[in-house]
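full-length UniProt numbering applies: residue 1 is where the sequence shown begins, and numbers increase by one.
Beta carbons: idealized from backbone N, C-alpha and C, even for Gly.
Fair warning: this is a prediction, and the values are worked out from it, not measured in the lab.
What follows is a short report on a single structure.
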Amino acid sequence: MLRTISGFDRIGEENAFAVLARATALAAQGKDIINLGIGQPDFKTPAHIVEAAIKALKDGYHGYTPATGLLAAREAVVRRTLATTGVEVSPENVMVVPGGKVTMFAAILIFGEPGAEILYPDPGFPIYRSMIEFTGAKPIPVPIREENGFAFSAEETLALITPKTRLLILNSPANPTGGVTPKAEIEKLVKGLEAHPHVAIMSDEIYDVMTYDGEEHCSLLSFPEIRDRLIILNGWSKTWAMTGWRMGWSIWPNSQESGQLYDKVRKLAVNCWSCVNAPSQFAGIAAIDGPQDDVIKMCKAFDNRRKIVVDGLNSLPGISCATPKGAFYAFPNVKETGWPAKQLASALLDEAGVALIGGPDFGILGEGYIRLSYANSEENILRAIERIEKFLAK
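Written out as structure tokens, the structure reads:
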């Protein structure tokens, strides 16, 4: 038998894709499946973005691009960052990468090794913990609690930092909970991080435009005191419905104090993915610089669906659902149903034809919850809630 490195015995998966595959297989057998499991907008990429990629192909942009991304694409990210955060960054600190996960992979790979500790949100995006364990570093969960509005607690987070802590991962607006951490809590965290200059921060801000009920996204870029150890993760996939384009961006420090992180991730690009394909980068420029009408419509649709989801779930026996403040997920509490969360999600798929994700797939503290993506039509959401109600009434 061939022998692989031990890291692959520790690496996990993103179960949303397993649920998608199962739902697809059931649908192929003729079963009517309503998929509220996968985290991608159900809208098409806006037409002007598609046309920009087609034009780039017709204009002959078929070759390699710089490992860090086309300068024009990085400059577009600079403009977008200034418009959304009020912070000016240099294109020399921007990386264009093939999807949001690449930034997680790179940041965790750079800081993770046996003996190191990396803090990550729990419940949180499963790839955080998976990659931490792959590197041999010790994963330290930062509790994300329903009673705290699914925001992280600065006090609780800071208390987990030790001399072994290398990296702190944050995510707001959050997957899977829909939580948005208030600016005051972020300010408290940043103030506390002054006592821990050895800790880098990766802020996953991929859902930055998707906030509701007057909530505003507070980017960690707003705090110059941590800029030399801050990595920003963002991208095109959620905001412009471009999940399949595999287009992400990140902002990295490159000072001597930061250990020249940008140059390190550039070397990773050279050794691994080489570059992002040229036509997609032209599409990304068009997304940022073009009309935002479709983005506004999509976010309004998500807001309307969010209200339907919360009202519907709270009407079901044994289920309570806190109102999500961001992203396009609800994270209802199902403890009173008497079902373990993953078993409930599995039964709902097999018996009711509703695809959801069990909370434990997002961390230890996910038990007792399921994730529902409302990136689906209002009609399908209402049908799904009816099916869940009938299933629970059995």
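In the assembly as shown, F17 is an exposed residue. Its beta-carbon has fewer than 16 other beta-carbons within 10 Å. Secondary structure at A116: coil, using DSSP grouped into helix, strand and coil.
Within the same chain, and ignoring the five residues on either side of A352 in sequence, the residues whose Cβ sits closer than 6 angstroms to its Cβ are R387 and F391.
The alpha helix (DSSP H) runs of length 4 or more contained entirely in the segment 281 to 363 are, from start to end of the chain, 293 to 314 and 341 to 347. For R80, the three-state secondary structure derived from DSSP is helix.
Per DSSP, A18 is one residue of the alpha helix (DSSP H) stretching across N15 to A28. Between the segment 362 to 372 and the segment 28 to 35, the count of C-beta pairs closer than 8 angstroms stays below three; the two stretches do not touch.
Per the coordinates, the alpha-carbon of P126 lies some 17 angstroms from the alpha-carbon of F152. In the structure shown, V270 adopts helical secondary structure according to DSSP, grouped into three states. With a threshold of 16 other beta carbon atoms within 10 Å, P176 meets it and is buried. With distances taken between CA atoms, R383 lies nearest to L313 out of I140, A116, A195 and L313. Annotated three-state conformation of Y212 is coil, per DSSP.
Under the three-pair Cβ rule at 8 angstroms, the segment 182 to 202 counts as touching the segment 158 to 170. Taking the Cα positions, M131 is about 8 angstroms away from M104.
CA-to-CA, the gap between Q260 and A28 works out to about 50 angstroms.
DSSP places P139 inside the beta strand (DSSP E), whose first and last residues are K138 to P143. Taking the Cα positions, Q343 is about 36 angstroms away from G214. As a beta-bridge residue in DSSP terms, I251 pairs with V94 and I232. A residue is called buried once 16 or more other Cβ atoms fall within 10 Å of its Cβ, and P123 is buried on that count.
A56 sits close to P279, with the two beta carbons spaced by under 9 angstroms.
Between the segment 50 to 65 and the segment 220 to 236 there are fewer than three C-beta pairs closer than 8 angstroms, too few to call the two in contact. Here S203 is bridged, per DSSP, to L170 and I232. Comparing alpha carbon positions, the residue from G284, W249, I285 and A283 closest to A269 is W249. Pairing V96 with G69 gives a Cβ-Cβ distance under 9 angstroms. The alpha carbon of E51 has as its nearest neighbour, out of Y329, E133, G290 and A107, the alpha carbon of G290. Taking C-beta atoms under 8 angstroms as the contact rule, L356 and A345 qualify, at a distance of about 5 angstroms. With fewer than 16 other beta carbons inside 10 angstroms of its own, K164 counts as exposed. Distance from the CA of V334 to the CA of E75, rounded to the nearest whole angstrom, comes to 46 angstroms. The DSSP-derived three-state label of L158 is helix.
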